[in-house]
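A short write-up of the structure that comes next.
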């Protein structure tokens, strides 16, 4: 992640799908899960920066976009 090597082991878009499914289950059970909601937001920002096919370590790029700085 620090080297910005996003060689795909598990795609960011797949991680986002899994987090969304987790949130759906939590909502159905009536359980708040704010940390998963935050992860969803960061993963969505990462996809918005064009890293959907990259490894989920590219989430640092979503953080970078939100922070406005290179991390």
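In our numbering, the protein residues as written are 2 to 72. We treat Cβ as the ideally placed atom computed from N, Cα and C, and that holds for glycine.
Spanning the alpha carbons of residue 16 and residue 57 requires a straight line of approximately 7 angstroms. Nearest C-alpha to residue 21 among 62, 68, 41: 41. The alpha-carbon separation between residue 63 and residue 19 amounts to approximately 17 angstroms.
Within its own chain, the residues whose Cβ lies closer than 6 angstroms to the Cβ of residue 47, once the five positions on either side in sequence are excluded, are 13, 59, 60, 62, 63, listed in chain order. Assigned with DSSP and collapsed to three states, residue 6 falls in coil, not helix or strand.
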